[in-house]
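Enquirer: I have a structure I would like to understand better, so I am pasting it below and will then ask my questions one at a time.
Right, here's the structure in full:
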């Protein structure tokens with residue numbers, strides 16, 4: 001496999017290789033040396049614009065921003081019309097940040113559409129921005145600013161902006177020689193060099209540090225580079241040495257003499273996370289130098305200006321004619337392809353080649369691997385090496401070798417092979433120059449499939465995104481549905497197409513796809529100023545709870561009310577009604593409710609408990625005299641505290657009932673007024689409370705208070721039925737135990753309720769003696785019951801016998817006990833026997 005290792009360069013115990021990702025044909029207006037340039041990590045886009053900070057450039061020129069894919073395809077370009085830009089950088093979500101000298105940070109998307117802006121504070125505004133950097137952390141994307149007062153201000157997460165002004169650096173009279181942002185212990189720190197002095201700044205302190213083994217001859221640290229994962233730090237000193245070590249600065253890895261006193265134009269780490277030989281890359285004019293911990297060096301001669309983009313597993317090298325990737329050859333690839341390698345993966349690859357030639361050597365290689373019991377490991381190495389190769393043909397060769405080897409393993413799990421085959425097919429699709437996302441396999445594993453889909457959607461590559469989701473068997477909710485929703489939100493922004501056409505196309509494409517929210521798409525249409533399109537899209541939204549809020553936001557209140565009523569959700573109707581009440585004039589509000597009976601009814605219920613005065617206005621507007629009468633009656637008892645006020649309110653109610661031609665209600669209300677006045681007089685005369693009693697309770701209390709004449713007067717004035725009045729009087733006299741008056745009352749005239757009530761009321765108040773006085777007057781049908789109530793079972797038996805009523809005898813029998821009532825039991829049995837004989 002000599003041709004595979006042709007571009008391998010040894011560096012200690014490992015190899016580094018540099019290969020072309022794309023041959024590009026930029027349409028750039030300026031070369032790299034005159035531009036601010038930034039490339040997003042993980043194969044992201046490249047942005048550049050003329051550096052207006054350069055004094056030699058004409059200030060009259062308006063710089064043009066250009067955004068390209070990694071394959072060199074122009075995504076967008078537009079003239080910069082805002083302030084002086086000091087620095088540009090990409091966020092983790094591939095938004096582009098422009099940091100201006102006044103501290104304003106503007107955010108644009110990948111297509112150059114402005115999203116929002118924020119300020120880094122008044123201190124930055126007053127002292128202006130000298131330098132700035134964009135960095136990434138577990139919290140999100142952040143911005144660090146160095147002001148003209150030589151103070152640092154940081155925002156760790158631009159989506160949750162919290163500005164922190166870092167402490168002052170002692171003795172700093174000019175801009176630092178160099179500085180970087182470091183995330184350590186989940187805290188943002190600045191490492192800066194002022195000459196040979198090195199400082200670490202955090203939120204509360206500024207600490208001077210001296211890296212071990214740096215050397216006494218160092219007069220200045222001119223460059224600092226921090227690794228992608230913030231674990232390693234590299235320093236370039238004025239004596240041409242590169243110091244490498246952990247970012248804690250508590251130990252050193254190596255110090256290497258480059259033989260270059262001039263600091264590199266760019267200085268970056270180029271190492272994978274688990275490498276045993278970390279290395280850094282520096283650029284001097286036409287030279288790219290790679291140095292590692294082994295003190296060896298690799299030199300690449302350049303024929304053009306280049307820009308370095310650090311990645312998690314290497315560094316991208318962007319030039320005017322090509323886009324390259326430099327990285328450490330992964331261990332699996334070294335094992336398989338290294339010359340004279342005896343690794344199991346290398347032997348398996350040779351075995352497969354001989355097999356394709358139909359050579360018996362294939363069997364010899366296989367036996368050698370199997371004798372060492374390394375066939376499983378050989379297949380693994382070939383699969384892993386395939387993931388790290390960029391050429392599809394080489395990927396296929398390695399996967400065929402792995403497939404060949406696993407045929408001789410009975411229990412080899414297929415998931416590893418299938419997963420790698422799928423992943424490589426996806427990676428090859430996105431690496432294509434028409435897409436231009438050159439992800440390596442480690443980068444792909446780091447960002448995950450979900451983030452990759454997000455980035456494809458961000459680039460509006462909807463068909464490819466959906467095909468990948470289907471191929472990778474991603475659920476419809478997380479995959480196709482979400483992508484189609486993004487597509488629809490983009491579609492509504494195309495203002496050249498008519499509303500009907502766009503709404504129809506979106507519905508035809510989306511239909512009833514699970515997870516699709518037409519209300520979100522409609523909201524995007526409304527934000528773009530297309531209200532009518534938003535309304536048409538809302539017609540496809542099945543959830544009224546999602547339709548109504550947006551309709552209210554769009555000032556389509558009547559339609560929102562109609563949708564809320566259709567939903568049958570009373571809370572939703574109340575929401576719209578309250579919105580209408582605050583939005584409309586009182587008259588328009590009432591007129592709107594008149595046309596919606598359901599809403600009107602619900603609003604009346606609300607007013608009944610919360611705003612009774614508004615309820616009165618509603619009834620007045622409708623000339624609803626019946627409800628107005630009811631309202632007056634309710635108001636008389638809930639709001640009025642004086643008799644005069646209550647009577648007046650009730651009189652108004654009478655007037656309303658008369659207008660409503662409800663004679664019964666008017667008559668009853670008049671009688672209530674009459675009763676109120678009577679109760680008021682009695683209360684003044686006696687000092688006892690009678691107000692708010694019903695007619696029944698008023699008469700009863702008068703009888704209890706021995707106001708017999710007054711009770712009689714009410715009985716006559718209000719035409720209380722005789723039976724009710726007798727019951728009231730019997731109950732009141734018994735309660736006050738006026739037995740004598742009760743007896744007189746029973747003899748006053750024939751009782752309209754009979755005399756059984758007298759017996760019952762006396763027994764209820766535990767006076768059987770008085771009860772016996774009325775038993776003889778009880779009707780024959782109730783006499784047996786009366787005798788039982790007063791306890792005269794013997795007389796009850798005689799009465800039942802005379803009436804020849806077996807049921808009454810059985811009723812008495814239930815009241816008897818065998819021990820105490822033996823004689824009565826005998827009489828009952830004799831009586832029943834006589835009845836049976838007859």
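Numbering (our numbering), first residue to last: 1 to 838. Idealized CB from N, CA, C, for every residue including glycine.
#1: If you run the structure through DSSP and keep just helix, strand and coil, what is residue 136?
#2: Going by alpha carbons, who is nearest to residue 197 out of 187, 205, 237?
#3: Are the CB atoms of residue 314 and residue 332 within a distance shorter than 8 Å?
#4: Residue 101 by DSSP, collapsed to three states: which one?
#5: Going by DSSP, which residues form a beta bridge with residue 145?
#6: Which residue marks the beginning of the alpha helix (DSSP H) containing residue 482, and which one marks its end?
#7: With DSSP as the reference, identify every bridge partner of residue 283, one or two as the case may be.
#8: DSSP three-state label for residue 909, please.
#9: Mapping the DSSP letters down to three states, classify residue 574 as helix, strand or coil.
#10: For residue 796, which option in 745, 787, 642 has the closest C-alpha, if you only look at C-alpha atoms?
#11: For residue 722, which three-state DSSP category applies?
#12: Mapping the DSSP letters down to three states, classify residue 875 as helix, strand or coil.
#13: What are the residues that DSSP puts in a beta bridge with residue 244?
#14: Give the DSSP-derived three-state secondary structure of residue 437 in the structure shown.
#15: Can you have a look at residue 245 and say buried or exposed, based on whether 16 or more other CB atoms are within 10 angstroms of its CB?
#16: Among residues of its own chain, excluding the 5 on either side of residue 115, which ones have a beta-carbon nearer than 7 Å to its beta-carbon?
#17: Within the chosen definition, does the segment 123-137 reach the segment 178-190 through at least 3 CB pairs nearer than 8 Å?
#18: Which class does residue 824 belong to by DSSP, given the choice of helix, strand or coil?
#19: Hey, residue 416 and residue 449 are a contact pair by Cβ (cut 8 Å); roughly how many whole angstroms apart?
#20: Just to confirm, are residue 404 and residue 4 a CB contact at a threshold of 8 Å?
#21: Spell out the partners DSSP gives residue 319 in its beta bridges.
#22: Residues in the same chain with beta-carbon distance under 8 Å from residue 839, minus the five sequence neighbours each way, listed in chain order, please.
#23: Can you confirm whether the segment 494-501 touches the segment 459-473 when touching is taken to mean that 3 or more C-beta pairs between the two stretches lie within less than 8 Å?
#24: Identify which residue in 188, 168, 192 has its Cα closest to the Cα of residue 178.
#25: Which same chain residues, not among the five before or five after residue 304, have their C-beta less than 7 Å away from its C-beta?
#26: Quick check on the DSSP output: the beta strand (DSSP E) that includes residue 68 runs from which residue to which?
#27: Look at the alpha carbon of residue 378 and the alpha carbon of residue 502, and state the distance between them as a whole number of angstroms.
#28: May I have the straight-line CA-CA distance separating residue 57 from residue 50, to the nearest angstrom?
#29: Rounded to the nearest angstrom, how far is the Cβ of residue 239 from that of residue 218, given a contact under 8 Å?
#30: Taking its Cβ as the centre, do 16 or more other Cβ atoms sit within 10 Å of residue 27, making it buried, or is it exposed?
#31: Using the beta-carbon count (16 or more within 10 Å), is residue 301 buried or exposed?
#32: Which residues in the same chain have their Cβ closer than 6 Å to the Cβ of residue 249, if we skip the five residues on either side of it in sequence?
#33: Just reading off the beta strand (DSSP E) that residue 811 is part of, what are its end residues?
#34: In chain order, what residues of the same chain have a beta carbon less than 7 Å from the beta carbon of residue 507, not counting five sequence neighbours either side?
#35: Smallest Cα separation from residue 642: which of 535, 580, 550, 692?
#36: Excluding five sequence neighbours on each side, which residues of the same chain lie with their C-beta closer than 6 Å to the C-beta of residue 20?
Expert: In this structure, then:
#1: Against the chain shown, residue 136 aligns to sequence position 136. Strand at residue 136.
#2: Along the chain shown, one-based indexing puts residue 197 at 197. Per the Cα distances, 237.
#3: Stepping through the chain shown from its first residue, residue 332 is reached at position 332. Stepping through the chain shown from its first residue, residue 314 is reached at position 314. No, the Cβ-Cβ distance between residue 332 and residue 314 is not below 8 Å.
#4: As a first step, residue 101 is located in the chain shown; it is residue number 101 there, counting from the start. In the structure shown, residue 101 sits in coil (DSSP, three-state: anything other than H, G, I, E or B).
#5: For the purposes of this step, residue 145 is taken as residue 145 along the chain shown, with counting starting at 1. Note: residue 145 sits in a beta bridge opposite 132, 153.
#6: Position 482 of the chain shown, counted from the start, is the residue given in the question as residue 482. 480-491 is the span of the alpha helix (DSSP H), which, as asked, contains residue 482.
#7: To locate residue 283, count along the chain shown from 1; it is residue 283. Its beta-bridge partners are 266, 288.
#8: The chain is shown only over 1 to 838; residue 909 falls outside these bounds and no answer can be derived.
#9: Sequence index remark: in the chain shown, residue 574 carries index 574 (1-based). Residue 574 falls in the helix class under three-state DSSP.
#10: The count along the chain shown starts at 1 and reaches residue 796 at position 796. Nearest in C-alpha terms to residue 796, of all of 745, 787, 642, is 787.
#11: One-based indexing of the chain shown puts residue 722 at position 722. Residue 722: helix per DSSP, three-state reduction.
#12: With the chain running from 1 to 838 in the structure shown, residue 875 is simply not present.
#13: Locating residue 244 in the chain shown gives position 244, where the first residue counts as 1. Answer by DSSP bridge pairing, in chain order: 234, 254.
#14: Numbered from 1 along the chain shown, position 437 holds the residue referred to as residue 437. The three-state reading of DSSP puts residue 437 in coil, since its state is none of H, G, I, E or B.
#15: As a position in the chain shown, residue 245 is number 245, starting the count at 1. Classification for residue 245: buried.
#16: Sequence index remark: in the chain shown, residue 115 carries index 115 (1-based). In the same chain as residue 115, and ignoring 5 residues on each side of it, the C-beta atoms closer than 7 Å to its own belong to 95, 107, 108, 109, in chain order.
#17: yes
#18: By one-based count along the chain shown, residue 824 stands at place 824. Note: residue 824 maps to helix in three-state DSSP.
#19: Looking up residue 416 in the chain shown gives position 416. Looking up residue 449 in the chain shown gives position 449. With a Cβ gap of about 17 Å, residue 416 and residue 449 do not count as contacting.
#20: Counting from 1 along the chain shown, the entry for residue 404 is found at position 404. Counting from 1 along the chain shown, the entry for residue 4 is found at position 4. Cβ atoms of residue 404 and residue 4: not closer than 8 Å.
#21: Residue mapping note: residue 319 aligns to position 319 of the chain shown, counting from 1. Its beta-bridge partners are 306.
#22: Beyond the ends of the chain as shown, which are 1 and 838, falls residue 839; an answer cannot be given.
#23: no
#24: As a position in the chain shown, residue 178 is number 178, starting the count at 1. Of the listed residues, the one whose Cα sits closest to residue 178 is 192.
#25: Within the chain shown, numbered from 1, the residue matching residue 304 stands at position 304. Cβ within range, chain order: 319, 320, 321.
#26: On the chain shown, position 68 is the one that residue 68 refers to. Element bounds for residue 68: 64-68.
#27: The sequence position of residue 378 within the chain shown is 378, counting from 1. The sequence position of residue 502 within the chain shown is 502, counting from 1. Their backbone Cα atoms lie some 55 Å apart in a straight line.
#28: Position 57 of the chain shown, counting from 1, holds the residue named residue 57. Position 50 of the chain shown, counting from 1, holds the residue named residue 50. With a pLDDT of 48 at residue 57, under the threshold of 50, the predicted position of this residue should be treated as unreliable, though the coordinate-derived value follows. Looking at the two C-alpha atoms, the distance is approximately 9 Å.
#29: The residue you call residue 239 lines up with position 239 of the chain shown. The residue you call residue 218 lines up with position 218 of the chain shown. Yes, residue 239 and residue 218 are in contact; Cβ-Cβ is about 6 Å, under 8 Å.
#30: On the chain shown, position 27 is the one that residue 27 refers to. Result: exposed.
#31: Sequence index remark: in the chain shown, residue 301 carries index 301 (1-based). Burial call: exposed.
#32: For this step, residue 249 is matched to residue 249 along the chain shown. If we look at residue 249 and ignore the five residues flanking it on each side, its Cβ neighbours are 209, 211.
#33: Sequence index remark: in the chain shown, residue 811 carries index 811 (1-based). Residue 811 -> not in any beta strand (DSSP E); alpha helix (DSSP H) instead, spanning 806-815.
#34: Residue mapping note: residue 507 aligns to position 507 of the chain shown, counting from 1. So the qualifying residues of the chain are 540.
#35: What you label residue 642 is simply residue 642 of the chain shown in a count that begins at 1. Among 535, 580, 550, 692, the Cα nearest to that of residue 642 is on 692.
#36: Translated into positions along the chain shown, residue 20 becomes position 20. If we look at residue 20 and ignore the five residues flanking it on each side, its Cβ neighbours are 322, 324.
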